[in-house]
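33 is the number of the first residue of the sequence shown in my numbering; add one for each residue after it.
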Amino acid sequence: MLWINGVFCDDREKHFAADDRGLLLGDGLFETFLCLEGRPQFFTDHWQRLTRSAKALSLAIPFSEQEVHDALCALLEKNNADPRASARLSLTRGPGPRGLMPPEPSQQKPQMMLTSAAAPAPPSKPIKAILSTIRRNEGSPASRMKTLAYMDNTLAVSEARQAGADDALMLNNHGHVACLSAANIFSLKEEGDLITPPVAAGILPGIMRKKIIGAGRELGLQVKEEAQDLEAFRQGVCFASNSLMGMRRLALDQIPPPSTNPLSAAGEAAYDRLEKFCQSLIQETL
């Protein structure tokens, strides 16, 4: 069961127009939610990011926040959602004429779809990552949005799987660390600095990234959003985050040079406190 433009329907009934710009050009946005016990987590944060990007793209959103929230909760119930599920909101600009130029705002017929699926808990072991040959383009406005055009990310994770790894660490065009294929990254230093790439480095401003930054400050860590090269990044405990995985350690053994600065016991304790704090934020939303 899914929801399209206000109507619940069976998978076999779903359809999009052949001239939908989301299908033809990737002209649209999406959001992915962690859902626990039938409730989407941090829904307002996701909605605010969606509306910011839609405004930048002059893309109309055909339903209100409350309408979409209620529809998503109803969809999870209809699908007998597992206690831990994922949901996706997809928004396209809808049908349009040939060519790149989108229709005038008054002529647009945006399409919105909600889907859900079971989401098993992520493995506890670290993410084994390689260094991707695909670069993040920090000069593109799309690098800071969850657009439907995710080909660079797809190529990066495919490259990792072909190499026997879980994911790929992506640099930007300046050679600074940026992100994984679908996750933000952090480095917790021995001296207590928590460093993550700035949005200007060509990254998506992740929802969990925002929560971790806030949690780090509450725990007294020196949180810094600054550019780092790979050597500087790996001198600490490296971890990744997104809405579905929460926080998960990174294993960069396949990426030379190896780290020469393992985290101290105090640093490990700081990481554990940060992880538990973020887990408590999720529990508070239930």
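The beta-carbon is built from N, C-alpha and C at its ideal position, and this holds for glycine as well.
- Judged by DSSP in its simplified three-state form, L313 adopts helix.
- Spanning the alpha carbons of S85 and I93 requires a straight line of approximately 11 Å.
- In chain order, P154 place their CB closer than 6 Å to the CB of M277, counting only its own chain and leaving out the 5 sequence neighbours on each side.
- Nearest in C-alpha terms to R71, of all of C105, Q98, L91, V100, is C105.
- Leaving aside the five residues that flank R125 on each side, the residues in its chain whose CB is nearer than 7 Å to its CB run, in chain order, R53, G54, D59, G60, L91, P134, Q140, P142.
- No Cβ-Cβ contact shorter than 8 Å links L89 with L121.
- For I244, the enclosing alpha helix (DSSP H) has its first and last residue at 239-250.
- In this structure, the beta-carbon distance from I217 to P229 falls below 8 Å.
- The C-alpha of R280 is placed about 28 Å away from the C-alpha of G171.
- Bounds of the beta strand (DSSP E) holding G278 are 278-283.
- Shown here, K157 sits in coil according to DSSP, grouped into three states, outside any helix or strand.
- Closest by C-alpha distance to L163, out of I239, L282, A119, L34, is L282.
- DSSP places F65 within a strand segment (E or B) once states are collapsed to three.
- G252 is classed as exposed because its beta carbon has fewer than 16 other beta carbons within 10 Å across all chains shown.
- DSSP places K221 in the coil class of the three-state scheme, outside both helix and strand.
- Burial check for H206: the Cβ neighbour count within 10 Å stays below 16, so the residue is exposed.
- DSSP places E263 within a helical segment (H, G or I) once states are collapsed to three.
- Listed as beta-bridge partners of C105 by DSSP are no residues whatsoever.
- Taking the Cα positions, L82 is about 7 Å away from E63.
- One Cα belongs to F309, the other to C270, and the distance between them is close to 17 Å.
- About 35 Å separates the beta carbon of S118 from that of S138, a gap too long to meet the 8 Å contact definition.
- Secondary structure note for Q194: its alpha helix (DSSP H) is the uninterrupted segment 183-194.
- In summary, V39 is exposed, with fewer than 16 beta-carbon neighbours lying within 10 Å of its beta-carbon over all protein chains present.
- Straight across, the Cα-Cα distance linking T76 with Q311 is about 18 Å.
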